[in-house]
Amino acid sequence: MGYRGAMDLSLQGSLLDLTDAMTLRDVRTGLTRHHLGHGAWVDVRPGWLAAGDELFTALLRDVPWHAERRQMYDSVVDVPRLTKFYGADEPLPHPMLVEAREALSRHYAPELGEPFVTAGLCLYRDGRDSVAWHGDRIGRSRDSDTMIAILSLGSARTLALRPRDGGAIPGSTTKSLRYPLGHGDLVVMGGSCQRTWDHAVPKSSEPMGPRISVQFRVAGVR
Ligand SMILES: O=C(O)CCC(=O)C(=O)O
Numbered sequence: 009m010g011y012r013g014a015m016d017l018s019l020q021g022s023l024l025d026l027t028d029a030m031t032l033r034d035v036r037t038g039l040t041r042h043h044l045g046h047g048a049w050v051d052v053r054p055g056w057l058a059a060g061d062e063l064f065t066a067l068l069r070d071v072p073w074h075a076e077r078r079q080m081y082d083s084v085v086d087v088p089r090l091t092k093f094y095g096a097d098e099p100l101p102h103p104m105l106v107e108a109r110e111a112l113s114r115h116y117a118p119e120l121g122e123p124f125v126t127a128g129l130c131l132y133r134d135g136r137d138s139v140a141w142h143g144d145r146i147g148r149s150r151d152s153d154t155m156i157a158i159l160s161l162g163s164a165r166t167l168a169l170r171p172r173d174g175g176a177i178p179g180s181t182t183k184s185l186r187y188p189l190g191h192g193d194l195v196v197m198g199g200s201c202q203r204t205w206d207h208a209v210p211k212s213s214e215p216m217g218p219r220i221s222v223q224f225r226v227a228g229v230r
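Just so we're aligned: 17 in our numbering is position 9 of the sequence shown, and the numbers increase by one with no gaps anywhere.
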């Protein structure tokens, strides 16, 4: 049995659209590329996965979610989300994730030069769960361009981005850029984004249900 609330949550009804077939739509339709500056960009494709409730419920139930603890200064604290990382040789927990990874590899192959192979899954149980500012700088992303493709499921959250060097955002007076991550949406961080920008999913004081993030990466990038 996976995350204990899976069945209750799946029956809440707000996300249910089980009469429609779950489908990945064309990546290109409605895709917008936002150039952030410093060679970084973000692609946003709202509603990439249609009728994704079945996938959301299956992942909540079937993924062996881990609660991690991490050293923070002189104490050990709970990581505020549950996680599961699927390496390149590990079977993914749902066939739709295989389809999604293949569709992304096909679409981005000319720019990326290698396929997406790993899937990092995060479960944000409610608005108190979050991920702090960071860049994925292990592997190729440390010194060259890469892409992290995120499929978002469940409650809407915000992806925030800010320049790593603390400098101003070109063409903006705000301290960070914010992109909504809704149910079925695809967001891809590309170019120099992992080297020159940091990203975060901030906590929220709004009442909200769980969100699952599926991040596809190329080999070696974390
Ligand atoms: O929740 C997300 O979509 C982003 C997750 C993330 O940045 C990470 O796990 O490194």
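Ideal Cβ placement from N, Cα and C applies to all residues, glycine included.
- Message: Please tell me whether V71 and K92 are closer than 7 angstroms, where the distance is taken between their beta carbons.
- Response: A Cβ-Cβ contact shorter than 7 angstroms links V71 with K92.
- Task: Report whether the distance from the Cβ of I220 to the nearest heavy atom of ligand 1 is below 6 angstroms.
- Result: Remark: the shortest separation between the CB of I220 and any heavy atom of ligand 1 does not fall under 6 angstroms.
- Delimiting residues of the alpha helix (DSSP H) encompassing T37: Note, T37: premise wrong, no alpha helix (DSSP H); not H, not E.
- Message: Runs of 3 residues minimum, wholly inside the segment 121-162: which ones carry the beta strand (DSSP E) assignment?
- Response: Considered as a whole, the segment 121-162 harbours 126-132, 139-142 and 156-162 as its complete beta strand (DSSP E) runs of no fewer than 3 residues, in chain order.
- Which residue's Cα is closest to the Cα of P118: W141, R133, M155 and V84? Sorting W141, R133, M155 and V84 by C-alpha distance to the C-alpha of P118 places M155 at the top.
- Is any heavy atom of ligand 1 found at a distance shorter than 6 angstroms from the C-beta of I158? With a cut-off of 6 angstroms, the C-beta of I158 is classified as near ligand 1, since at least one heavy atom of the ligand falls inside that distance.
- Message: Taking 6 angstroms as the limit between beta carbons, can you name the residues of its chain near R225, skipping five residues before and five after?
- Response: Cβ within range, chain order: T126 and I156.
- Please go through the segment 162-226 and give each complete beta strand (DSSP E) segment of 3 or more residues, from N-terminal end onward. Secondary structure within the segment 162-226: the beta strand (DSSP E) runs of 3 or more consecutive residues, fully enclosed, are 165-171, 185-189, 194-199, 205-209 and 219-225 (chain order).
- Item | Those residues which DSSP pairs with L90 across a bridge | In DSSP, L90 forms a bridge with A75 and L131.
- According to DSSP, which residues form a beta bridge with G45? A48.
- Task: Take T204 and list the residues in its own chain whose beta-carbon comes closer than 6 angstroms to its own, dropping the five residues that flank it on each side.
- Result: Cβ within range, chain order: H46, A48 and R172.
- Are three or more beta carbon pairs between the segment 162-170 and the segment 97-105 nearer than 8 angstroms? The segment 162-170 vs the segment 97-105: no contact.
- Task: Could you spell out where the alpha helix (DSSP H) holding L63 opens and where it closes?
- Result: L63 -> alpha helix (DSSP H) spans D61 to D70.
- Query: Would you say the segment 215-225 touches the segment 126-138, given that touching needs at least three Cβ pairs under 8 angstroms?
  - Reply: Under the 8 angstroms Cβ criterion, the segment 215-225 counts as touching the segment 126-138, having at least three qualifying pairs.
- Item | Alpha carbon of G228 to alpha carbon of P188, nearest angstrom | The alpha-carbon separation between G228 and P188 amounts to approximately 27 angstroms.
- Do you know offhand how far P210's Cα is from S152's? When rounded, the distance between both Cα atoms is 27 angstroms.
- Task: Keeping to the same chain, check which residues put their C-beta closer than 8 angstroms to that of R33; ignore five residues upstream and five downstream.
- Result: Excluding sequence neighbours, R33 sits near G55, W56, L57 and A58.
- Return the bridge partner residues of V85 from the DSSP annotation. Answer by DSSP bridge pairing, in chain order: R78.
- Secondary structure of R114, DSSP reduced to three states: Reduced to three states, the DSSP call for R114 is helix.
- Message: Tell me whether C130, by its Cβ, gets closer than 6 angstroms to a heavy atom of ligand 1.
- Response: Checking the Cβ of C130 against ligand 1 gives yes.
- Give the straight-line distance between the Cα atoms of D61 and A29, rounded to the nearest whole angstrom. Going from the Cα of D61 to the Cα of A29 covers about 10 angstroms.
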